[in-house]
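Numbering follows my numbering, with no gaps: position 81 of the sequence shown is 204. Written below as structure tokens is the structure these notes are about.
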Amino acid sequence: MKCNKSWRRDGKQVYKCKDCGRQYRETARTFVYRMRKADKMLDYLKCMLEAKSRACASEVGISLRTSFNWRHKILAAIKSFTRRCQLLRHCRG
């Protein structure tokens, strides 16, 4: 796949594939893709690292539902990353 930087939309870089013409954002296939309040993510991660899972929502200024969804997206991303690292180590011997 050959992608070039095309333009910026909503402050995020957009790439366009030369082969198929499809457009991708720099956050595609990440847990922050299509996240409306991504600017609060760093504060949320800090709160999670301090093991304040119930207090994260109020400290960051998001709803409990959003906090629940973010937490599960983050944990799934960590799990996926860990699996890929284990697979790479196994394949490299």
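For glycine and all other residues, C-beta sits at the position ideal for the given N, C-alpha and C.
Neighbourhood of residue i by C-beta, 7 angstroms cutoff - its chain only, sequence neighbours within 5 removed
i, result
"Cys179", "Tyr167, Cys170, Met171 and Ser190"
"Trp193", "Tyr167"
"Val183", "Lys163, Asp166, Tyr167 and Cys170"
Helix, strand or coil at residue i according to DSSP, with G and I counted as helix
i, result
"Lys202", "helix"
"Lys139", "strand"
"Ala174", "coil"
"Ser186", "coil"
"Arg145", "coil"
Cα-Cα separation, residue i to residue j
i, j, result
"His195", "Ser176", "11 angstroms"
"Thr205", "Lys141", "32 angstroms"
"Arg188", "Leu198", "16 angstroms"
"Ala174", "Lys202", "18 angstroms"
"Cys143", "Val137", "15 angstroms"
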